[in-house]
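Residues 1 to 314, numbered by the UniProt record's numbering, are exactly what the sequence shown covers, in order. Cβ atoms here follow ideal geometry from the backbone N, Cα and C, with glycine treated the same way. It should be emphasised that the depicted structure is a prediction, and the values quoted were computed from it without experimental measurement. Scroll down for the structure; my scribbles are underneath it.
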Amino acid sequence: MPVQRRLLGSLNSTPTATPQLRLATNQTGPQCLLVSIPDGLFLGLGLVSLVENMLVVVAIAKNRNLHSPVYCFICCLALSDLLVSTSNVLETAIFQLLEVGVLATPATVVQQLENVMDVLTCGSMVSSLCFLGAIAVDRYISIFYALRYHSIVMLPRARGAIMAIWAASILSSILFITYYNHAAVLLCLVTFFLAMLALMAALYIHMLAWACQHAQGIAQLHKMQRPVHQGFRLKGAVTLTTLLGVFFLCWGPFFLHLTLIVLCPQHPACSCVFKNFNLFLALIICNSIVDPLIYAFRSRELRLTLKEVLLCSW
Numbered sequence: 001m002p003v004q005r006r007l008l009g010s011l012n013s014t015p016t017a018t019p020q021l022r023l024a025t026n027q028t029g030p031q032c033l034l035v036s037i038p039d040g041l042f043l044g045l046g047l048v049s050l051v052e053n054m055l056v057v058v059a060i061a062k063n064r065n066l067h068s069p070v071y072c073f074i075c076c077l078a079l080s081d082l083l084v085s086t087s088n089v090l091e092t093a094i095f096q097l098l099e100v101g102v103l104a105t106p107a108t109v110v111q112q113l114e115n116v117m118d119v120l121t122c123g124s125m126v127s128s129l130c131f132l133g134a135i136a137v138d139r140y141i142s143i144f145y146a147l148r149y150h151s152i153v154m155l156p157r158a159r160g161a162i163m164a165i166w167a168a169s170i171l172s173s174i175l176f177i178t179y180y181n182h183a184a185v186l187l188c189l190v191t192f193f194l195a196m197l198a199l200m201a202a203l204y205i206h207m208l209a210w211a212c213q214h215a216q217g218i219a220q221l222h223k224m225q226r227p228v229h230q231g232f233r234l235k236g237a238v239t240l241t242t243l244l245g246v247f248f249l250c251w252g253p254f255f256l257h258l259t260l261i262v263l264c265p266q267h268p269a270c271s272c273v274f275k276n277f278n279l280f281l282a283l284i285i286c287n288s289i290v291d292p293l294i295y296a297f298r299s300r301e302l303r304l305t306l307k308e309v310l311l312c313s314w
């Protein structure tokens, strides 16, 4: 049997939560769909994400032309995803070694290690969501306040925002691990996720609408054919769907899990969701793999820098 993921392990090991999750396990019936995620797959996904995001961080750090506010946000997003991957890889590897008896560690040390991993993972997840929102805000300002962009989004302000996000992420993760048995804490995390989803949806939809209007105005000036507008709108809709769809698909199930823990911890239908907790964490790691493809590798200059890094042309 694969080792149960220990992220939010406090929810699975407290006197109140353990019976709920055990009840869910014992009541699994034919109506439940259980997707098993082997530890080898966790390690593979985590390693791919780790290498991919490390390359993004190194490429941005190497090229001074990429030391702008938006690339600072992208670099921090990659660093957050890197921490998510690192914590999951280390956690999986350590508990595998404990399971086979290679490591002999006292229970108190294992518990402390669990707590550290939980804080690291939770903090990096919160910061990842924050930096996704920061990138959306940066893009919005660059479009609607193009002439004032450099006076609004200055590098010192971006650095201040980055420090505030990291501080808030660390603090929130510590509070979450400390007060895991309070429903209000889980609801706060769920509300935060919904707020970030609403923010990104509102900003990107507004940007798409503006881009379509702008393209339509240019087309009228040049008397272009209607299929061109439709093609532009289709491309914009696909891009928007990709951005929001990946975000919701990868993060939504995890926060649905947290919501159901509060709303229906002992309901048989909710127990089916609880048993797929490992799948939800795997989706978050997949998001860490997809983020660089959406936000970083689309930049030609970053790709060229990355090529130099891979060819060791320092």
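Give every residue of the same chain whose Cβ lies closer than 8 Å to the Cβ of LEU90, excluding the five residues on either side of it in the sequence, and list them in chain order.
-> MET117
What runs of the alpha helix (DSSP H), each 4 residues or longer, lie entirely inside the region 137-174?
-> 149-152
Beta-carbon of THR305 versus every beta-carbon of chain C: anything under 7 Å?
-> Annotation note: the requested chain C is absent from the structure, which comprises a single protein chain.
Which residues in the same chain have their Cβ closer than 7 Å to the Cβ of GLY295, if we skip the five residues on either side of it in sequence?
-> In the sequence on display, residue 295 carries Tyr and not Gly. Answer for TYR295: ILE74, LEU77 and ILE135, listed in chain order.
Give the straight-line distance between the Cα atoms of VAL35 and LEU41, rounded to the nearest whole angstrom.
-> 13 Å
Of the choices ARG64, ARG139 and ALA184, whose alpha-carbon is the least far from that of LEU199?
-> ARG139
Applying the criterion that 16 or more other CB atoms from any shown protein chain within 10 Å of the CB defines a buried residue, is PRO69 buried or exposed?
-> buried
Alpha carbon of ALA61 to alpha carbon of LEU283, nearest angstrom = 28 Å
Out of curiosity, what's the CA-to-CA distance linking LEU43 and LEU50?
-> 10 Å
Run of the alpha helix (DSSP H) containing TYR71, from where it starts to where it stops = 69-100
Looking at LEU79 and LEU306, is the spacing between their C-beta atoms short of 7 Å?
-> no
Proximal residues to LEU186 (C-beta, below 7 Å), its chain only, five neighbours per side dropped = LEU258, ILE261 and VAL262
Compare the C-alpha of LEU83 against each of GLN112, MET125 and LEU45 and name the closest.
-> MET125
Within 10 angstroms of the Cβ of PHE193, are there 16 or more other Cβ atoms? Answer buried if so, exposed if not.
-> buried
Taking the continuous alpha helix (DSSP H) assigned at ASN287, which residues delimit it?
-> 277-291
Host alpha helix (DSSP H) of ILE60 (start-end) = 39-62
Let me know the secondary structure DSSP gives LEU115 once reduced to three states.
-> Per the sequence shown, the amino acid found at residue 115 is Asn instead of Leu. Residue state, collapsed to three classes: helix.
Backbone CA spacing between ARG300 and ARG159 [nearest angstrom] = 24 Å
Just how far apart, CA to CA, sit ASN287 and GLY245?
-> 11 Å
Residue from LEU304, LEU189, SER151 and LEU132 with nearest C-alpha to VAL290 = LEU132
Cut-off 6 Å between Cβ atoms - residues of its own chain near residue 328, not counting five sequence neighbours on either side | The first residue shown for the chain is 1 and the last is 314, placing residue 328 beyond what the model contains.
Within this structure, are the beta carbons of GLY46 and ASN88 separated by less than 7 Å?
-> yes
Inspect the beta-carbon positions of ILE141 and MET207 and report whether they are closer than 7 Å.
-> no
Measure the Cβ-Cβ separation of SER128 and ILE165 and say whether it is below 7 Å.
-> no
Given a cut-off of 7 Å, decide if ALA59 and LEU302 are closer than it, judged by their beta-carbon atoms.
-> yes
Separation of MET163 from ILE170, as counted between CA atoms = 11 Å
How many angstroms separate the CA atom of PHE254 from the CA atom of ILE285?
-> 12 Å
Give the straight-line distance between the Cα atoms of ALA269 and LEU155, rounded to the nearest whole angstrom.
-> 49 Å
The alpha helix (DSSP H) with ARG303 in it runs from where to where?
-> 300-310
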